[in-house]
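Numbering-wise (our numbering), the sequence shown opens with residue 2 and increments by one.
Note sheet for the following structure.
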Amino acid sequence: MRSYVGNSSSGGQCLDDPPPDVAARELQRESMRKQVRSDPAEFRELCARLARWPIITDGDVQSVASYLRKGPTSVIDPDRGVSRQLLREFQDALGLSRRYGITFNSATNALHAAYRAVGVGPGIKVAAIGYTFHATVTPALDLGGDVILMDVDPTTGNLTFDVVRRTLEMNREIRVVALNHNWGVPCQDIARIARLLKRLRVPLIEDCSHAHGASVNGESVGTHGTVSVFSLQSKKLVPAGEGGLCYTDDPSLKSAMLLVGHYFASRESHVVQVDDSVRQTGVGGLQCRMHPLAAALALSQLQRLSTVIRNRRLNDEFFRKLVADVPCIVFPEWPDGTRVSHYGCRAAYDPAANGDIPIAQFVDVLRRLGVPVEHDLGGPLSRKAIYQQNVDSPISRFAPDRHRYTDDDLPGAAEFCRRSLVFPVFSRNPLIMADVLEVIAEQIHAALSEGAYGC
Ligand SMILES: *Cc1c(COP(=O)(O)O)cnc(C)c1O
């Protein structure tokens, strides 16, 4: 197969250097120690520069520029050109072997197409994870679906098999299930959930937007969804600026998704019988194609995915070691056989191990000492207005009699957020980051020593 984006990307090295706006002397341990005491906010800002994402290397710039010179700058058929190359190389990088893929201009649009393809429409019941980025679920609401939000495990933030089974038992009309692997920690029960749903003939929409490269027992995320979707938006692990990929093994779903947003233009569209009247045009009224320059950037970034995850993992492991003696900060442990993508870096705060000081106050003290940490102010989807009220918007076509929620629903998700300490994720070489992490850890220890609370 012709390669549309070369291997010229040598930009991997860039992860081995500090960012261009961080001078080597700023990273000397003594100067960081001085800074964190004299100007803690400035030290947190230094950490933000070190954690900045995405990282665009010279290799990325070259890859995109060289594609731009060659073109084409529009790829109509997602099974051709740079789109085809991206779909294949992405699968190879993750160890996936799904039969069909489609590129989209965003994961939101890919999810929208997936929900339409599996038949979500007015009144259709969709059981969805109740804690995730809203775009996992909003397309189902938009299509008129009746969304039943499922609570997550308060320690992992993910869905469990038992909750899915119970939800389906209590509501036999559920036609679709949707989940996300939150913060890059793969849902431990994904294989069991997928088996159950297969038996019940309920399609699974698997949102993998946090978890490129994560796996459970050797099975990559994206293996089990009836449709599995990945975002390539800038924050994500393979940043293309904007973009989304989706995979399925079902030819009729591929065809249906092509009808939604690609005018049915695909050389693989023959796999399913579709009436000639729709074959000419598609019927979705949307055009959701990925920009080929975004695909070129994604291909270049993809070559660093394993390095990025490795750096994030090593930095995470080192930081955990440095604060392992701090009883009130509890990092999650993952069962053997679990590989996380390190999309986020979260620990649980245990106030009982810190004199019952509330998390907000603890975070405040840490930040005043220069520790780059935040308290998760998010919460379950059930706290968002569209899940509680009738929304009055010029475009709403939400089902009027759909499920509604209150602030007290989904206590597991609320607890997960309430006790989450959110630390930055560092993708650069651990050799650059070691001293920085040590200074952060020193400040955490300082916060726990007497007097830090001014009482
Ligand atoms: C980012 C994200 C999306 C949306 O992705 P876009 O490509 O920005 O549309 C959907 N789901 C989850 C879990 C995400 O994190």
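Idealized CB from N, CA, C, for every residue including glycine.
Is glutamine 302 near ligand 3, with its Cβ less than 7 Å from a heavy atom? In the structure on display, ligand 3 does not appear, and the ligands it does have are ligand 1.
What do you reckon, are the CB atoms on alanine 425 and alanine 42 nearer than 8 Å? The question names alanine, but residue 425 in the sequence shown is proline. In this structure, alanine 42 does not lie closer than 8 Å to proline 425 by Cβ.
Run through DSSP, which three-state label would histidine 225 get? Note: histidine 225 maps to coil in three-state DSSP.
So what does DSSP say about threonine 161, is it helix, strand or coil? Reduced to three states, the DSSP call for threonine 161 is coil.
Tell me where the alpha helix (DSSP H) around glutamate 334 begins and ends. It is not in any alpha helix (DSSP H) - glutamate 334 carries neither H nor E in the DSSP assignment.
Go ahead and pull the three-state DSSP assignment for aspartate 250. In the structure shown, the three-state DSSP call for aspartate 250 is coil.
Outcome for asparagine 8 when other beta-carbon atoms lying within 10 angstroms are tallied against a minimum of 16: With a pLDDT of 44 at asparagine 8, under the threshold of 50, the predicted position of this residue should be treated as unreliable, though the coordinate-derived value follows. Exposed, by the Cβ-count rule.
Three-state class that DSSP yields for valine 177 in the structure shown: Strand.
Return the bridge partner residues of threonine 104 from the DSSP annotation. The partner list for threonine 104 (beta bridge, DSSP) reads Leu246.
Counting Cβ pairs closer than 8 Å, one from the region 93-113 and one from the region 287-303, do we hit at least three? Here the region 93-113 makes contact with the region 287-303; the two share three or more CB pairs at distances below 8 Å.
Residues of its chain near threonine 407, where Cβ-Cβ distance is below 7 Å and the 5 sequence neighbours each way are ignored: Cβ within range, chain order: Gln389.
Do isoleucine 125 and methionine 151 have their C-beta atoms within less than 8 Å of each other? Cβ atoms of isoleucine 125 and methionine 151: not closer than 8 Å.
If you measure from the CB of alanine 108, is any heavy atom of ligand 1 nearer than 7 Å? True, at least one ligand heavy atom lies under 7 Å from that Cβ.
What are the residues that DSSP puts in a beta bridge with cysteine 346? Paired residue(s): Phe424.
Contacting residues, own chain, Cβ-Cβ under 7 Å from glycine 262 (five flanking each side not counted): Closer than 7 Å at the Cβ level, and outside the excluded window around glycine 262, lie Phe105, Asn110, Ala114, Gly285, Leu287, Gln288 and Cys289.
Between Arg38, Asp61, Met33 and Pro19, which lies nearest to arginine 305 when the distance is taken from Cα to Cα? Scanning Arg38, Asp61, Met33 and Pro19 for the CA closest to the CA of arginine 305 turns up Asp61.
Since I believe alanine 179 is in contact with valine 222 (beta carbons under 8 Å), could you give me their beta-carbon distance rounded to a whole number of angstroms? Not quite, the Cβ-Cβ distance comes to about 14 Å (not below 8 Å), so this is no contact.
Assuming glutamine 444 and glycine 371 are in contact, meaning their beta carbons sit under 8 Å apart, how far apart are those beta carbons, in whole angstroms? So it is a contact: roughly 5 Å between Cβ atoms.
Who are the near neighbours of glycine 13 in its chain, counting only those whose CB is closer than 8 Å to its CB and skipping five residues on each side? Caution applies to glycine 13, whose pLDDT of 38 falls short of 50 and renders its modelled position unreliable; the model cannot decide the point.
In the structure shown, what three-state DSSP assignment does aspartate 147 receive? DSSP places aspartate 147 in strand when its eight states are reduced to three.
In the DSSP assignment, the beta strand (DSSP E) including alanine 25 goes from what residue to what residue? Run containing alanine 25: none; DSSP gives neither H nor E here.
Consult DSSP for isoleucine 77 and reduce its assignment to one of helix, strand or coil. Reduced to three states, the DSSP call for isoleucine 77 is coil.
Less than 7 Å separating the Cβ of aspartate 208 from some heavy atom of ligand 1? At least one heavy atom of ligand 1 is nearer than 7 Å to the Cβ of aspartate 208, so yes.
Give the DSSP-derived three-state secondary structure of aspartate 208 in the structure shown. Aspartate 208 carries a strand assignment under DSSP once its states are collapsed to helix, strand and coil.
Compute the minimum distance between the beta carbon of lysine 237 and the heavy atoms of ligand 1, and state whether it is under 7 Å. Within the cutoff, so yes.
For cysteine 456, which residues from the same chain have a beta carbon less than 8 Å from its beta carbon, with the 5 sequence-adjacent residues on both sides left out? Reliability of the predicted coordinates at cysteine 456 is poor, the pLDDT of 45 falling under 50, and no value is obtained from them.
Simplified DSSP assignment, three categories, for serine 235: Three-state DSSP puts serine 235 in coil, outside helix and strand.
Rounded separation between valine 127 and proline 240 - CA only: When rounded, the distance between both Cα atoms is 29 Å.
Assign histidine 135 to one of three DSSP states: helix, strand, or coil. Here histidine 135 sits in helix by DSSP.
Verify whether the separation of the beta carbon atoms of leucine 411 and serine 450 is less than 8 Å. Cβ distance not < 8 Å, so leucine 411 and serine 450 don't count as in contact.
Determine, using beta-carbon pairs with one atom in the region 224-235 and one in the region 200-212, whether at least three such pairs fall under 8 Å. With a cut-off of 8 Å, the region 200-212 and the region 224-235 count as touching, because enough Cβ pairs lie within range.
If you scan the region 401-450 from start to end, which runs of the beta strand (DSSP E) of 3 or more residues do you find wholly inside it? Qualifying beta strand (DSSP E) stretches, in chain order: 421-424.
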